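All letters in the sequence shown, in the order written, are residues 1 to 372 by full-length UniProt numbering.
Note that the Cβ used here is the ideal one computed from N, Cα and C, for glycine as well.
Source: prediction; values computed, not measured.
Below: the structure, in structure tokens.
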Amino acid sequence: MAVRYELLKTEKHTGARRGRLHTPHGVIETPIFMPVGTLATVKTLSPEELKDNGAQIILSNTYHLWLRPGHEIVKEAGGLHKFMNWDRPILTDSGGFQVFSLSDLRKITEEGVQFRNHLSGEKLFLSPEKAIEIENALGADIIMAFDECPPFPADRQYLKNSLERTTRWAKRCKEAHARPHDQALFGIIQGGMDKELRKQSAEELIELDFPGYAVGGLSVGEPKDIMNEVLEFTTPLMPKDKPRYLMGVGSPDDLFEGVERGIDMFDCVLPTRIARNGTCMTSVGKVVIRNATYQRDFGPLDPNCDCYTCKNYSRAYIRHLIKCDEVFGIRLTTIHNVHFLIKLMDDIRKAIEEDRFVELKKSFYESYGYTL
Ligand SMILES: CNc1nc2cc(C(N)=O)ccc2[nH]1
Ligand SMILES: [Zn+2]
Numbered sequence: 001m002a003v004r005y006e007l008l009k010t011e012k013h014t015g016a017r018r019g020r021l022h023t024p025h026g027v028i029e030t031p032i033f034m035p036v037g038t039l040a041t042v043k044t045l046s047p048e049e050l051k052d053n054g055a056q057i058i059l060s061n062t063y064h065l066w067l068r069p070g071h072e073i074v075k076e077a078g079g080l081h082k083f084m085n086w087d088r089p090i091l092t093d094s095g096g097f098q099v100f101s102l103s104d105l106r107k108i109t110e111e112g113v114q115f116r117n118h119l120s121g122e123k124l125f126l127s128p129e130k131a132i133e134i135e136n137a138l139g140a141d142i143i144m145a146f147d148e149c150p151p152f153p154a155d156r157q158y159l160k161n162s163l164e165r166t167t168r169w170a171k172r173c174k175e176a177h178a179r180p181h182d183q184a185l186f187g188i189i190q191g192g193m194d195k196e197l198r199k200q201s202a203e204e205l206i207e208l209d210f211p212g213y214a215v216g217g218l219s220v221g222e223p224k225d226i227m228n229e230v231l232e233f234t235t236p237l238m239p240k241d242k243p244r245y246l247m248g249v250g251s252p253d254d255l256f257e258g259v260e261r262g263i264d265m266f267d268c269v270l271p272t273r274i275a276r277n278g279t280c281m282t283s284v285g286k287v288v289i290r291n292a293t294y295q296r297d298f299g300p301l302d303p304n305c306d307c308y309t310c311k312n313y314s315r316a317y318i319r320h321l322i323k324c325d326e327v328f329g330i331r332l333t334t335i336h337n338v339h340f341l342i343k344l345m346d347d348i349r350k351a352i353e354e355d356r357f358v359e360l361k362k363s364f365y366e367s368y369g370y371t372l
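Have a look at this one:
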């Protein structure tokens with residue numbers, strides 16, 4: 001079996017759960033945050049730096065790797081692990097989200113989606129079978145079914161038709177999957193913000209017996225309280241003995257809210273994306289390093305962080321590099337942000353083990369400046 005999930009314990013006062021996910025490339029302690037390496041690299045970081053900062057699994061994007069360098073080349077290289085010199089687990093998404101978020105002029109039919117290459121404008125076509133062919137070639141340990149992530153807001157009939165098509169596509173993905181023994185195919189629950197439709201999508205996909213399930217269709221512009229309400233309703237419908245993955249989430253508060261409602265896996269471009277413009281998540285809240293207040297601040301980026309950046313460089317120096325568009329500045333902010341979220345998940349895992357999740361959430365929210 002490609003992946004096996006072990007539920008180690010559920011936190012006494014919440015739905016937070018501590019688990020372990022066994023994969024062909026190693027064991028993942030959950031809840032887990034996956035740094036995003038869209039084009040087979042977590043931008044500016046080496047695999048060694050990722051490991052030094054505790055990264056256990058990374059995500060790469062099927063759509064982007066299909067366009068560049070092409071999945072055949074990655075396959076000829078021996079697969080994504082070999083190609084990017086990463087020997088720990090990898091998860092690839094199916095391209096569904098990118099097709100709906102990156103490309104205009106798309107046409108959705110039962111067969112699949114016709115759209116334009118966001119780089120060249122040429123016409124492309126992705127189907128469940130094509131997405132799985134690409135993901136099988138890339139060779140990630142966990143692969144996602146080809147789905148439609150509906151826009152927000154969307155009318156109920158559209159959401160119903162869309163989730164039913166996503167279920168039919170999921171079935172086709174399962175039939176097309178050539179490597180079920182070393183690549184685990186996860187289904188993606190849709191249904192927008194409608195509880196009945198979420199229930200229908202969950203039931204239809206659970207019927208197909210996937211080794212893991214994602215909650216899709218969230219973090220698409222809906223208010224946070226709506227996202228949390230949908231999660232509150234959906235996660236209890238998901239199998240307890242299988243991993244639950246919330247796609248595209250998130251910021252520190254979203255990680256706490258998702259874990260509290262029983263989510264095990266998260267991915268988000270936030271830490272790496274905001275690092276590139278010099279915005280850092282720290283134990284005392286967000287630090288926008290370009291800010292003039294840091295011009296003569298010779299203290300560490302985060303006084304409570306033990307990452308390479310915070311142990312060796314000052315805010316003034318990092319601000320200087322970012323202001324001068326020096327790549328090393330982006331590397332330093334990226335190292336810190338990735339470390340920060342990975343360390344946060346480490347603290348969350350420990351808090352679940354010791355039944356003090358609510359206390360950790362409260363103290364983090366206060367120091368970060370969130371309102372509870
Ligand atoms: C950043 N937000 C986000 N929502 C997502 C939804 C999906 C999905 N397949 O529904 C995938 C990636 C996503 N990223
Ligand atoms: Zn740091």
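Contact test: residue i Cβ vs ligand 1 heavy atom, cutoff 8 Å
{"i": "Leu218", "result": "yes"}
{"i": "Gln190", "result": "yes"}
{"i": "Phe97", "result": "yes"}
{"i": "Ala214", "result": "yes"}
{"i": "Gly278", "result": "no"}
{"i": "Val249", "result": "yes"}
{"i": "Val269", "result": "yes"}
{"i": "Asp254", "result": "no"}
{"i": "Met84", "result": "no"}
{"i": "Met1", "result": "no"}
{"i": "Asp93", "result": "yes"}
{"i": "Met265", "result": "no"}
{"i": "Met144", "result": "yes"}
Residue from the options whose Cα sits closest to the Cα of residue i
{"i": "Leu159", "options": "Arg168, Trp169, Glu148", "result": "Glu148"}
{"i": "Asp347", "options": "Gln295, Leu360, Ile108", "result": "Leu360"}
{"i": "Gly112", "options": "His118, Val99, Asp104", "result": "Val99"}
{"i": "Cys307", "options": "Lys171, Val284, His339", "result": "His339"}
{"i": "Glu229", "options": "Val288, Gly262, Phe186", "result": "Gly262"}
{"i": "Phe152", "options": "Ser162, Gly217, Ile189", "result": "Gly217"}
{"i": "Pro211", "options": "Ser314, Arg319, Lys9, Leu21", "result": "Leu21"}
{"i": "Gly285", "options": "Lys107, Glu232, Thr235, Asn304", "result": "Asn304"}
{"i": "His320", "options": "Met238, Thr234, Asn277, Lys12", "result": "Asn277"}
{"i": "Leu105", "options": "Arg116, Lys12, Gly96", "result": "Arg116"}
{"i": "Arg244", "options": "Lys323, Glu11, Ala16", "result": "Ala16"}
{"i": "Thr282", "options": "Lys199, Asp267, Leu301", "result": "Leu301"}
{"i": "Lys123", "options": "Lys107, Lys130, Asn136", "result": "Lys107"}
{"i": "Val74", "options": "Val42, Glu133, Glu129", "result": "Glu133"}
{"i": "Asp253", "options": "Lys130, Thr293, Ala176, Gly369", "result": "Gly369"}
{"i": "Phe33", "options": "Lys199, Ile318, Asn337", "result": "Asn337"}
{"i": "Leu231", "options": "Cys280, Gly192, Val288", "result": "Gly192"}
{"i": "Ile62", "options": "Leu8, Ser127, Phe364", "result": "Note that residue 62 is Thr in the sequence shown here, rather than Ile. Residue Ser127 is the option with its Cα nearest to Thr62."}
{"i": "Asp182", "options": "Val220, Asp52, Gly79", "result": "Gly79"}
{"i": "Thr14", "options": "Ala351, Tyr317, Lys51, Arg290", "result": "Ala351"}
{"i": "Lys224", "options": "Leu372, Pro47, Glu48", "result": "Leu372"}
{"i": "Lys51", "options": "Phe357, Asp297, Asn136, Ile335", "result": "Ile335"}
{"i": "Thr333", "options": "Tyr317, Met345, Leu344", "result": "Tyr317"}
Residue range of the unbroken beta strand (DSSP E) whose run includes residue i
{"i": "Arg106", "result": "Looking at the DSSP string, Arg106 is not in any beta strand (DSSP E), and its letter there is neither H nor E."}
{"i": "Gln114", "result": "113 to 116"}
{"i": "Gly26", "result": "26 to 30"}
{"i": "Leu237", "result": "Run containing Leu237: none; DSSP gives neither H nor E here."}
{"i": "Gly285", "result": "285 to 288"}
{"i": "Thr282", "result": "279 to 282"}
{"i": "Asp267", "result": "265 to 267"}
{"i": "Val42", "result": "Counting along the chain, Val42 falls outside any beta strand (DSSP E), and DSSP gives it neither H nor E."}
Integer Cβ distance of residue i from residue j, believed to fall under 8 Å
{"i": "Gly258", "j": "Val269", "result": "Actually they are not in contact, since the Cβ atoms of Gly258 and Val269 sit about 16 Å apart, beyond 8 Å."}
{"i": "Ser60", "j": "Thr92", "result": "5 Å"}
{"i": "Ala2", "j": "Ala184", "result": "4 Å"}
{"i": "His81", "j": "His25", "result": "7 Å"}
{"i": "Ile189", "j": "Leu208", "result": "In fact, because the Cβ distance is near 12 Å, the residues do not count as touching under 8 Å."}
Distance cut-off 8 Å: residue i Cβ against heavy atoms of ligand 2
{"i": "Thr334", "result": "no"}
{"i": "Cys149", "result": "no"}
{"i": "Thr309", "result": "yes"}
{"i": "Asp302", "result": "yes"}
{"i": "Phe33", "result": "no"}
{"i": "Asp306", "result": "yes"}
{"i": "Phe340", "result": "yes"}
Residue span of the alpha helix (DSSP H) that contains residue i, given as start and end
{"i": "Asn61", "result": "No alpha helix (DSSP H) contains Asn61, which is instead part of the beta strand (DSSP E) from 58 to 61."}
{"i": "residue 384", "result": "What is shown of the chain runs 1 to 372, which leaves residue 384 out entirely."}
{"i": "Glu49", "result": "47 to 52"}
{"i": "Met345", "result": "327 to 353"}
{"i": "Lys9", "result": "Taken as a continuous stretch (DSSP letters only), Lys9 belongs to no alpha helix (DSSP H), being part of the beta strand (DSSP E) at 4 to 10."}
{"i": "Phe83", "result": "80 to 84"}
{"i": "Leu159", "result": "156 to 176"}
{"i": "Lys199", "result": "195 to 207"}
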